[in-house]
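Residue numbers (the numbering used here): 636 to 756. Each residue gets a CB set at the ideal place from its N, CA and C atoms; glycine is no exception.
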């Protein structure tokens, strides 16, 4: 919330600067107009960079806070899956969250692929 307030003020200042350029630029010299446009663009880039930095920091904080919960959930789901005899448990958003090692076929597939590639040479 505090960050949003800070950015809101900067966004308003940027909008005021844009409005000033639109209203007054016809009365300014080309040099002054170019200077104001450069200042506006610079401020816009700075605001965008600050916003991206804040989003990144927020994401890191969320990840840090969620990590222990997700690890605990993973253990609970794995235990539940084993106890109930599930082969696979899927999450509607993230896909597979548990699978029985008995259905792991990656090694066998890689072996078959290597054989096929060797035969193709």
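Endpoints, the alpha helix (DSSP H) within which residue i is located
i	result
residue 731	Looking at the DSSP string, residue 731 is not in any alpha helix (DSSP H); the run it does join, the beta strand (DSSP E), is 730–734.
Alpha-carbon to alpha-carbon, residue j and residue i
i	j	result
residue 657	residue 690	31 Å
residue 645	residue 703	36 Å
residue 708	residue 653	50 Å
residue 669	residue 701	48 Å
residue 684	residue 666	27 Å
residue 735	residue 641	50 Å
residue 712	residue 692	29 Å
residue 662	residue 698	52 Å
residue 745	residue 714	29 Å
residue 660	residue 651	13 Å
residue 751	residue 737	24 Å
residue 671	residue 694	34 Å
residue 740	residue 643	53 Å
Residues bridged to residue i (per DSSP)
i	result
residue 688	Its beta-bridge partners do not exist; DSSP assigns none.
residue 752	None, per the DSSP bridge assignment.
CB contact below 8 Å: residue i versus chain B
i	result
residue 715	Among the chains of the structure shown, chain B does not appear; only one protein chain is present.
- Message: Is it the case that the stretch 666–684 contacts the stretch 720–740, given that we only count it when at least three CB pairs across the two stretches are under 8 Å?
- Response: no
- Which runs of the beta strand (DSSP E), 3 residues or longer, sit entirely within the stretch 648–729? 723–726
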